[in-house]
Amino acid sequence: MTESGHLPTPDISHLSSSDYLKIYEPAEDSFLLIDALEKDVNFLNQLRPTVCLEVGCGSGLCLTFLAQILQTKALFIATDINPSAVDICQKTAQQNNISIQPILTDLVSCLGDRLEHQVDVLLFNPPYVVTSSSEVGSHGIEASWAGGVKGREVTDRLLPYIDKVLSKTGVFYLVIVKENLPDEIKDILGRDKFHCDVIITRKSGPEHLSILRFQRRHSDCNS
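Using the numbering used here, you'd call the opening residue of the sequence shown number 133 and step up by one each time.
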């Protein structure tokens with residue numbers, strides 16, 4: 133169950149300790165994103181999304197949950213730079229009778245043109261831990277947590293794609309910690325005319341986690 137106790141989380145009993153040596157094991161940040169999606173379930177169903185994308189899918193838990201709670205059929209695409217994550221995400225989808233198309237790529241680098249203004253829901257739980265820049269860029273499990281300067285080096289590479297891939301009514305859910313300087317992220321996407329709502333904030337050990345939801349400002353959706 134999610135922490136709010138309403139909707140069941142996807143079954144990940146097929147994953148083993150050896151899998152978690154290769155991919156990020158779902159943790160508080162993963163479940164906080166799920167809780168945010170559950171909180172927004174009516175909003176999301178009113179959007180009637182047709183294309184949903186998770187960047188850096190890891191185990192596939194969050195995208196599978198999104199597929200479970202939507203009442204309309206949609207195309208679900210997952211990307212990851214880690215080959216093990218692509219494989220395990222597919223297995224998680226199959227375990228839960230969900231259809232997901234996992235793609236091995238860096239962020240959305242091979243999808244940007246194909247998905248231009250097509251994505252209705254975009255999820256990103258990035259590597260947000262503040263590290264040295266030298267730790268960023270691995271194709272293995274380190275890619276799931278090493279965020280470099282401000283914990284933002286990977287996130288900052290995705291932000292320029294948001295305006296390009298989101299549909300007119302599309303929404304972008306982003307997991308952040310306070311060290312990522314969320315006000316700077318809001319300013320960056322604000323320049324592309326996106327409005328930000330903080331959906332959930334929670335303290336987990338030393339981390340202050342939040343889920344941000346970005347949407348185009350209403351006047352720009354109608355332009």
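Backbone N, C-alpha and C define an ideal beta-carbon position, used for all residues, glycine too.
In the DSSP assignment, the alpha helix (DSSP H) including V286 goes from what residue to what residue? 285-297
For Q227, collect the residues of the same chain with a Cβ closer than 6 Å to its Cβ; drop the 5 residues on either side in sequence, then sort them by chain order. D143, H146
According to DSSP, residues forming a beta bridge with P314: DSSP output for P314 lists no bridge partner at all.
Backbone secondary structure at D212 - three-state DSSP: strand
When you compare the segment 282-300 with the segment 158-175, are there three or more beta-carbon pairs, one atom per stretch, that lie closer than 8 Å? no
Whole-Å CB distance - V297 paired with V218, under 8 Å assumed: Not really, about 19 Å apart at Cβ, beyond 8 Å.
N-terminal and C-terminal residue of the alpha helix (DSSP H) that E160 is part of: 160-171
Here's the rule: buried if 16 or more other CB atoms are within 10 angstroms of the residue's CB, otherwise exposed. What is D252? buried
Which of the three DSSP states is assigned to L255 in this structure? strand
Can you say whether Q347 is buried or exposed, counting buried as having 16 or more other CB atoms within 10 angstroms of its CB? buried
Could you tell me whether the segment 266-285 touches the segment 328-335, where touching means 3 or more Cβ pairs closer than 8 Å? no
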